[in-house]
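In the UniProt record's numbering, the protein residues as written are 1 to 401. C-beta: ideal position from N, C-alpha, C; glycine also. Worksheet for the structure shown next.
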Amino acid sequence: MNKWYPLLFGAASLTAGCAENNTADVETQQERDWEEIVEEAAGKEVGIYMWGGDEGINAYMDEVVAPALEEQYDISFQRYPMDTPEFLSRLMTEKEAGQQDGAADILWINGENFRNAKENELLYGSFASILPNMEEAVNTEAPYIEYDMGIEVDEMEVPWGNVQYAFQFRDEENPPETLEELFYWAEENPGEFTYPNVSNDTGNGFIRHIIHHVAEDPEEVTEFNEAWIEENGDEVWEILRSLQPSLWRNGETYPETLSQQDQLFANGEVSATLGFNEYRAESLIEQGTFPEDTQTVGLSSGSISSTHYLSMAFNTQEPEAALVAINYMLSPEAQIAKLDPSMWGEGHILDLNKLTEEEVEEIESLVGEEVVPQEEALPELDARYISWIQENWEQEVVQQR
1 MNKWYPLLFG
11 AASLTAGCAE
21 NNTADVETQQ
31 ERDWEEIVEE
41 AAGKEVGIYM
51 WGGDEGINAY
61 MDEVVAPALE
71 EQYDISFQRY
81 PMDTPEFLSR
91 LMTEKEAGQQ
101 DGAADILWIN
111 GENFRNAKEN
121 ELLYGSFASI
131 LPNMEEAVNT
141 EAPYIEYDMG
151 IEVDEMEVPW
161 GNVQYAFQFR
171 DEENPPETLE
181 ELFYWAEENP
191 GEFTYPNVSN
201 DTGNGFIRHI
211 IHHVAEDPEE
221 VTEFNEAWIE
231 ENGDEVWEIL
241 RSLQPSLWRN
251 GETYPETLSQ
261 QDQLFANGEV
271 SATLGFNEYR
281 AESLIEQGTF
291 PEDTQTVGLS
301 SGSISSTHYL
311 SMAFNTQEPE
321 AALVAINYML
331 SPEAQIAKLD
341 PSMWGEGHIL
351 DLNKLTEEEV
361 EEIESLVGEE
371 VVPQEEALPE
381 LDARYISWIQ
391 ENWEQEVVQQ
401 R
């Protein structure tokens with residue numbers, strides 16, 4: 001998801017009233033039996049704002065989630081494809097105008113976007129404890145329950161998926177497994193590697209790995225550390241400046257999106273691609289987008305684990321239907337279907353100890369061997385590092401050619 005710069009002026013006169021209304025509504029829902037909420041949701045239509053640039057994700061939403069909500073709960077489910085900055089800007093405009101009848105109810109969100117939405121009171125409120133599946137299915141001991149990239153969640157969003165950063169290589173006998181090996185491979189194979197512009201989370205995530213690489217201990221940088229940046233920031237940029245001559249087109253230009261990066265890989269212009277979700281290549285191979293000899297590699301030196309979330313808009317028209325829909329998307333049924341590489345193919349947020357033997361076996365059959373062992377996962381950095389990278393990369397790297 002992309003970073004959104006909030007509109008900071010104009011909503012102050014509306015904030016207090018909207019916040020009070022949301023709090024009252026959330027408290028009302030918390031006092032109700034779940035069965036009553038489910039009954040109230042029947043016959044309603046609920047919409048989700050979400051990025052729509054992946055065919056597998058869209059297929060999962062349209063062919064799994066929507067039919068299940070219709071059949072099991074009599075809820076009509078609509079997907080509104082929209083980049084995160086666009087729908088947050090729309091919500092801010094609606095808040096400034098006092099518009100309480102929003103077009104969508106559910107938001108796919110995380111990180112800096114969540115911080116901005118929370119600070120500008122664009123969210124419904126603390127709803128997580130209302131959902132039965134948070135207690136019955138989700139791994140509530142995971143660190144991402146309470147913090148989203150250093151931001152307190154306060155039950156205003158719930159985890160939907162957890163993925164790790166991985167690299168894909170084409171027909172490589174000994175693909176690099178550490179950043180040092182990757183840098184050496186890029187030098188030995190000039191023009192075969194690149195990464196997206198850092199306005200894209202894939203490119204930004206690559207540089208966040210370099211921050212981890214420079215830091216001696218992950219705890220030094222898990223929270224935003226200005227003193228560390230002051231002392232070590234130039235080492236991060238120097239690594240990227242040294243890498244630049246070996247990149248595709250000598251680093252004169254960068255893919256703007258992950259889709260463009262993947263297209264370069266699919267066309268054979270580069271021999272590597274990268275991104276969050278260690279399972280994503282399987283569906284792309286099945287679709288014929290990626291070559292059959294594509295190999296996915298996690299960094300043994302550590303790969304960042306990233307979580308994305310579902311939240312609710314401050315002006316949801318159908319809070320009951322939104323709660324039921326989100327609860328379903330956290331269910332073992334929906335999470336296991338999401339693992340299927342023929343559709344989304346991404347990591348789950350379930351607690352295996354809460355599941356049946358059959359559910360655990362189904363997960364194991366879909367996941368197979370771990371690409372990135374959990375013990376090698378690195379914590380996601382504070383969202384403010386994303387801003388630091390975006391604000392400085394152009395000047396410190398691109399313009400230094």
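- If one requires a minimum length of 3 residues, the beta strand (DSSP E) runs lying completely within the region 279 to 363 are 294 to 297, 303 to 312, in chain order.
- For M50, the pairing in a beta bridge is given by DSSP as P81.
- Taking the CA atoms as reference points, E39 sits about 31 Å from E362.
- Counting C-beta atoms within 10 angstroms of its own C-beta, E216 has fewer than 16 neighbours from the protein chains shown and is therefore classed as exposed.
- At a Cβ-Cβ threshold of 8 Å, L243 and A166 do not count as neighbours.
- Shown here for I130: same chain residues with a beta carbon closer than 7 Å to its own, the five before and five after excluded, namely Q29, Q30, L323 in chain order.
- Sixteen is the threshold: since fewer than 16 other Cβ atoms of the shown chains lie within 10 Å of the Cβ of D154, the residue is exposed.
- Around E380, the same chain offers M149, I304, S306 as residues with beta carbons nearer than 6 Å, after the five sequence neighbours per side are excluded.
- DSSP, read as helix, strand or coil, puts Q244 in helix.
- Pairing I57 with M92, the inter-Cα distance amounts to about 26 Å.
- With a cutoff of 8 Å on beta-carbon distance, M312 and I106 are scored as near each other.
- Between the C-alpha atoms of I37 and I326 there is a straight-line separation of about 13 Å.
- Under a 10 Å Cβ-count criterion, R208 is classified as buried, with 16 or more other Cβ atoms of the shown protein chains found around its own Cβ.
- Ranking S301, E146, T273 by CA distance to the CA of N110 puts E146 first.
- For T178, the number of other beta carbons within 10 angstroms of its own is below 16, and it is reported as exposed.
- Taken through DSSP and simplified to helix, strand or coil, I151 comes out as strand.
- CA-CA distance, K44 to F114, rounds to 26 Å.
- Beta bridge pairing from DSSP links S76 with E45.
- Straight-line measurement puts the Cα of V158 at about 36 Å from the Cα of E180.
- Taking 8 Å as the cut-off, the beta carbon of E318 is found closer than this to the beta carbon of V46.
- Contact check for V297 against P175 passes: the beta carbons are separated by less than 8 Å.
- In summary, R401 is exposed, with fewer than 16 beta-carbon neighbours lying within 10 Å of its beta-carbon over all protein chains present.
- The beta carbons of V270 and G125 sit no closer together than 8 Å.
- The DSSP assignment places complete alpha helix (DSSP H) segments of no fewer than 4 residues inside the region 170 to 249 at 179 to 188, 201 to 214, 226 to 243, in order along the chain.
- In this structure, H308 and G161 form a Cβ contact; the two beta carbons are roughly 5 Å apart against a cut-off of 8 Å.
- Short of 6 Å from the beta carbon of Y49, and not among the five residues preceding or following it, lie these beta carbons of its own chain, in chain order: Y80, M82, F87, A104, L107.
- Following the DSSP letters along the chain, one finds I109 inside the beta strand (DSSP E) bounded by residues 106 to 109.
- Residue burial annotation: G98 is exposed, with fewer than 16 other C-beta atoms found within 10 angstroms of its C-beta.
- The beta carbon of G203 lies closer than 6 Å to those of Y195, P196, N197 in the same chain, with the five residues before and after it left out.
- The distance from the Cβ of L247 to that of F193 is about 6 Å, consistent with a contact at the 8 Å cut-off.
- Under the three-state reduction of DSSP output, F265 falls in the helix class.
- Nearest to S300 by C-alpha distance, out of R249, W237, I285, L182, is L182.
- According to DSSP, Q168 shares a beta bridge with T273, T296.
- Cβ neighbours of H213 within its own chain (closer than 6 Å, five residues either side excluded): L179.
- E320 and P255 have their C-alpha atoms some 41 Å from each other.
- About 5 Å separates the beta carbons of Q261 and T273, which is inside the 8 Å limit, making them a contact pair.
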